Amino acid sequence: MKKIILYSFIIIIVLVILSPIASSSPDGLEKVSEIFNFSEKGIILINSPIADYSLRLIKNDSLSTILAGFIGVLIVFFLSLAVGYVIKRVKI
Amino acid sequence: MHIPDGFLDTKTWISFWAISFSSLSIAVKKVKNQLEEKTIPLMGVLGAFVFAAQMLNFPVLNGTSGHFVGGVLIGIILGPYAGLIVMSVILLLQSLLFADGGILTLGANIFNMGLIGTIFGYYIYNFFKKILKENFFVASFIAGWLSIVLGAFFCSLQLSISGIVPLSIGLPSMVGIHALIGIGEGLITSLILNFIFKVRKDLIYQKV
Chain A
484 MKKIILYSFI IIIVLVILSP IASSSPDGLE KVSEIFNFSE KGIILINSPI ADYSLRLIKN
544 DSLSTILAGF IGVLIVFFLS LAVGYVIKRV KI
Chain B
152 MHIPDGFLDT KTWISFWAIS FSSLSIAVKK VKNQLEEKTI PLMGVLGAFV FAAQMLNFPV
212 LNGTSGHFVG GVLIGIILGP YAGLIVMSVI LLLQSLLFAD GGILTLGANI FNMGLIGTIF
272 GYYIYNFFKK ILKENFFVAS FIAGWLSIVL GAFFCSLQLS ISGIVPLSIG LPSMVGIHAL
332 IGIGEGLITS LILNFIFKVR KDLIYQKV
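If you're matching them up, the sequences are chains A and B in order. Numbered according to the working numbering, the first sequence spans residues 484 to 575. Numbered according to the working numbering, the second sequence spans residues 152 to 359.
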């Protein structure tokens, strides 16, 4: 299992480093909302420092996306693990 | 396909919160009974992988992009219930930290991308695997493609119930573009699954 985690993390790191070259075109729903004029109805309720996958403190766009990606990856990893352990081990 | 806040009216987002929340509580109970110890680290690894993969939008058509969602992949490897839990963790984090998908609309997003991919995707995959004589490559492609198209269908339904865009307009455009994005989903799902089948078949969820 240690090997699997190691190899998977190498792949994940590569994916995150590649993330700045991802297409910045609107996704399917965003495009539809633009075509039919309801995109302006979207609102943001939480003012997050890493909204839209960019770290506001960092000026360089690519670096900012990569760092935001790593923050997300680490939180998802530990949160999913924690949820798994809690569900399995803790008696409810 | 992450729906931002403001796109759904109150009755719609509350309804889908209720559906997703009750499905999640069922999933937690199921996972408690059947989750194997070895699956727990996989939950973390796959969650992190899918989160990273979702950042990589690929161009589709006419200045539109799509990205891998991963619900079917996670549902097949972890099983539908642990899969739904991990997808929900990803979607929760995306909405709270990355403004990718709303908070009120999170229930609908968990339904469209989590529940459909993991639960529906898992059963569709097994159905096609059976009728295609264990051809898991084609079965997972179909499940991946269908999960995206069905997610888009429900998304257009939610938008029309909310009075944002009528179904007659929203449905063809949402399903049309996602029928293309779904090809990417199907391909990535079956390629990764094919790889895992070759190297560590034992990691894949077996129905208990």
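For every residue, glycine included, the Cβ atom is placed at its ideal position computed from N, Cα and C. Since the structure is predicted, the reported quantities are computational estimates derived from the model, not experimental observations.
- In terms of CA proximity to glycine 226 (chain B), B:Ser298 leads the group B:Gly157, B:Ser298 and B:Leu338.
- Annotation for leucine 308 (chain B): the continuous alpha helix (DSSP H) segment containing it runs 287-312.
- Interface with chain B (7 angstroms Cβ-Cβ cutoff): isoleucine 541 (chain A) is excluded.
- Secondary structure of glycine 217 (chain B) (DSSP, three-state): strand.
- Annotated as distal: glycine 252 (chain B) and glycine 222 (chain B), with beta-carbon spacing of 7 angstroms or more.
- When DSSP states are grouped into helix, strand and coil, proline 503 (chain A) belongs to the helix group.
- Straight across, the Cα-Cα distance linking leucine 489 (chain A) with leucine 207 (chain B) is about 21 angstroms.
- Pairwise C-beta distances place the segment 564-574 of chain A in contact with the segment 183-192 of chain B, as three or more of them are shorter than 8 angstroms.
- Under the 7 angstroms criterion on CB atoms, glycine 335 (chain B) is classed as non-interfacial with respect to chain A.
- With contacts defined by Cβ atoms closer than 7 angstroms, leucine 197 (chain B) and isoleucine 558 (chain A) do not form a contacting pair.
- Under the Cβ distance rule, threonine 215 (chain B) counts among the residues neighbouring chain A, one pair being separated by less than 7 angstroms.
- Taken in chain order, the members of the segment 497-515 of chain A whose beta-carbon sits within less than 7 angstroms of a beta-carbon on chain B are Leu498, Val499, Leu501, Ser502, Ala505, Ser506, Ser508, Pro509, Asp510, Gly511, Leu512, Lys514 and Val515.
- Shown here for isoleucine 500 (chain A): same chain residues with a beta carbon closer than 8 angstroms to its own, the five before and five after excluded, namely Ile549 in chain order.
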